[in-house]
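Here is the structure we will look at, set down as structure tokens.
Protein chains: 2
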Amino acid sequence: MSIKQPPDPPKDGNEIDLGRLGTSFGFVMRMAQVEVFETFFENLSQYGLKPGEFSVLWLLYENPGIRQGALANRLRIKRPHMTKLIQHFEERGLIVRSVPDNDRRGMELRLTAKGRRFVDDRQEAFFTHTEHELDRLSDEEAKQLIRLLRKYLQL
Amino acid sequence: MSIKQPPDPPKDGNEIDLGRLGTSFGFVMRMAQVEVFETFFENLSQYGLKPGEFSVLWLLYENPGIRQGALANRLRIKRPHMTKLIQHFEERGLIVRSVPDNDRRGMELRLTAKGRRFVDDRQEAFFTHTEHELDRLSDEEAKQLIRLLRKYLQL
DNA sequence: TATTGTTATACTCTATAACTATA
DNA sequence: TATAGTTATAGAGTATAACAATA
Numbered sequence: 001m002s003i004k005q006p007p008d009p010p011k012d013g014n015e016i017d018l019g020r021l022g023t024s025f026g027f028v029m030r031m032a033q034v035e036v037f038e039t040f041f042e043n044l045s046q047y048g049l050k051p052g053e054f055s056v057l058w059l060l061y062e063n064p065g066i067r068q069g070a071l072a073n074r075l076r077i078k079r080p081h082m083t084k085l086i087q088h089f090e091e092r093g094l095i096v097r098s099v100p101d102n103d104r105r106g107m108e109l110r111l112t113a114k115g116r117r118f119v120d121d122r123q124e125a126f127f128t129h130t131e132h133e134l135d136r137l138s139d140e141e142a143k144q145l146i147r148l149l150r151k152y153l154q155l
Numbered sequence: 001m002s003i004k005q006p007p008d009p010p011k012d013g014n015e016i017d018l019g020r021l022g023t024s025f026g027f028v029m030r031m032a033q034v035e036v037f038e039t040f041f042e043n044l045s046q047y048g049l050k051p052g053e054f055s056v057l058w059l060l061y062e063n064p065g066i067r068q069g070a071l072a073n074r075l076r077i078k079r080p081h082m083t084k085l086i087q088h089f090e091e092r093g094l095i096v097r098s099v100p101d102n103d104r105r106g107m108e109l110r111l112t113a114k115g116r117r118f119v120d121d122r123q124e125a126f127f128t129h130t131e132h133e134l135d136r137l138s139d140e141e142a143k144q145l146i147r148l149l150r151k152y153l154q155l
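Protein sequence lines, in the order shown, are assigned to chains D and R. Going by UniProt numbering, the first residue of the first sequence is number 1, and it counts up by one from there. Going by UniProt numbering, the first residue of the second sequence is number 1, and it counts up by one from there.
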């Protein structure tokens, strides 16, 4: 019951047919994510910034005293991974950890003065990059795209 | 010149302020990507499907005889990684590789009958999943979101 | 018993450089 | 010289299970 293959036209570079895959949300998301990371590192690697790291430090900047688990939940980073991130930040002197009196299982996190300076020194570059990520789209389209992604995320 | 921290309100679960990060395209993309992967595996792990693997097999299904490098370029998968993926598919008997006469450096890839059957047995589940990925949005919003992502990708 | 954070382990994806064989 | 694919190696990021301390 196997069907004979049609003669194979030679394919190179970009004449490759994505078929239905080209309108799959998951597929275009994955491709777009690759693009997002590439432009991020092109623009910001000189500042020693990684997207995941900056998001953690930024949340500590905005929410001093946040608990480690709450931070992990919010950023959808798994706890074992968060432990490692936090350890590295502590070793670099960017954050301090303290055990709260009311629940001594937990860890409260705060930026040190050095940590706040680290964020302050980079937030302009980070958010300027952010503003230009969607320059291929009109202002209206860019707003719409972010709105729709936030709706998908139920943010 | 350091400014005293305000008293820290206790933060738990979801009252965590994302600040400007919450409208960063890169950030919401990364969060959405996590969600996309989670729902993918919830729905399709029973079929032994991984998104990257399926995309490779699907392109071979639609473009028999495609060159390995062209496939890597199209899917933005790095060549060393593609080599490994292809080796695994060959070991599983899903694809065959052949050296074209006109350029004996290359590798042309084709699904075997088993490989076509593998895709046939899974494409309905895959594309049905795809159709429901954006059920949180209206049909119009879903179309718009995919259109905007494709525009960002210059697809 | 359940929860917070930690440790250990492993797997995927990615990145780079060096290698081969062909062109 | 340049290109297609391979190998080797390393680093992120993630996943799971098992553990200690605390609730």
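All C-beta atoms in this analysis are idealised placements derived from N, C-alpha and C, irrespective of residue type, glycine included. Small disclaimer: the values here were computed from a predicted structure and weren't measured.
Who are the Cβ neighbours of residue i in its own chain at under 7 Å, not counting the five residues just before and after it?
{"i": "residue 47 of chain D", "result": "122, 125"}
{"i": "residue 131 of chain R", "result": "none"}
{"i": "residue 49 of chain D", "result": "122, 126"}
Excluding the five sequence neighbours on either side, which residues of its own chain have a C-beta within less than 6 Å of the C-beta of residue i, listed in chain order?
{"i": "residue 134 of chain R", "result": "142"}
{"i": "residue 146 of chain R", "result": "none"}
{"i": "residue 118 of chain R", "result": "94"}
8 Å is my cut-off, CB to CB: does residue i come that close to chain D?
{"i": "residue 32 of chain R", "result": "yes"}
{"i": "residue 48 of chain R", "result": "no"}
{"i": "residue 76 of chain R", "result": "yes"}
{"i": "residue 23 of chain R", "result": "yes"}
{"i": "residue 130 of chain R", "result": "yes"}
{"i": "residue 105 of chain R", "result": "no"}
{"i": "residue 36 of chain R", "result": "yes"}
{"i": "residue 118 of chain R", "result": "no"}
{"i": "residue 41 of chain R", "result": "no"}
{"i": "residue 55 of chain R", "result": "yes"}
{"i": "residue 124 of chain R", "result": "no"}
{"i": "residue 51 of chain R", "result": "yes"}
Quick one: give me the first and last residue of the beta strand (DSSP E) that residue i is part of.
{"i": "residue 99 of chain R", "result": "Where residue 99 of chain R is concerned, there is no enclosing beta strand (DSSP E), given that its DSSP letter is neither H nor E."}
{"i": "residue 92 of chain R", "result": "Where residue 92 of chain R is concerned, there is no enclosing beta strand (DSSP E), given that its DSSP letter is neither H nor E."}
{"i": "residue 60 of chain R", "result": "Premise fails: residue 60 of chain R lies in the alpha helix (DSSP H), 51-62, not in any beta strand (DSSP E)."}
{"i": "residue 74 of chain D", "result": "Premise fails: residue 74 of chain D lies in the alpha helix (DSSP H), 68-75, not in any beta strand (DSSP E)."}
{"i": "residue 111 of chain R", "result": "108-111"}
Within 8 Å (strictly less), CB to CB, does residue i reach chain R?
{"i": "residue 133 of chain D", "result": "yes"}
{"i": "residue 155 of chain D", "result": "yes"}
{"i": "residue 144 of chain D", "result": "yes"}
{"i": "residue 89 of chain D", "result": "no"}
{"i": "residue 157 of chain D", "result": "Residue 157 of chain D cannot be examined here, being either before or after the span of chain D that is shown, 1 to 155."}
{"i": "residue 59 of chain D", "result": "yes"}
{"i": "residue 101 of chain D", "result": "no"}
{"i": "residue 180 of chain D", "result": "The structure shown does not extend to residue 180 of chain D, since chain D is modelled only from 1 through 155, so no value can be given for it."}
{"i": "residue 82 of chain D", "result": "no"}
Can you list, in chain order, the residues of its chain with a C-beta nearer than 8 Å to that of residue i? Leave out the 5 residues immediately preceding and following it.
{"i": "residue 90 of chain R", "result": "96, 97"}
{"i": "residue 66 of chain R", "result": "59, 60, 108, 109"}
{"i": "residue 85 of chain R", "result": "52, 53, 56, 77"}
Which first and last residues belong to the alpha helix (DSSP H) in which residue i is found?
{"i": "residue 153 of chain D", "result": "139-153"}
{"i": "residue 44 of chain R", "result": "25-44"}
Report the CB separation of residue i from residue j in whole angstroms; it is logged as a contact under 8 Å.
{"i": "residue 152 of chain D", "j": "residue 136 of chain R", "result": "6 Å"}
{"i": "residue 144 of chain D", "j": "residue 144 of chain R", "result": "7 Å"}
{"i": "residue 72 of chain R", "j": "residue 82 of chain R", "result": "4 Å"}
{"i": "residue 99 of chain R", "j": "residue 93 of chain R", "result": "Wrong, their Cβ atoms sit about 19 Å apart, outside the cutoff."}
{"i": "residue 26 of chain D", "j": "residue 40 of chain R", "result": "6 Å"}
{"i": "residue 62 of chain D", "j": "residue 115 of chain R", "result": "Not a contact, Cβ separation roughly 50 Å."}
message = Does the structure place the segment 66-86 of chain D close enough to the segment 15-35 of chain D that three or more beta carbon pairs sit under 8 Å?
response = Fewer than three pairs of CB atoms, one per stretch, sit closer than 8 Å, so the segment 15-35 of chain D makes no contact with the segment 66-86 of chain D.
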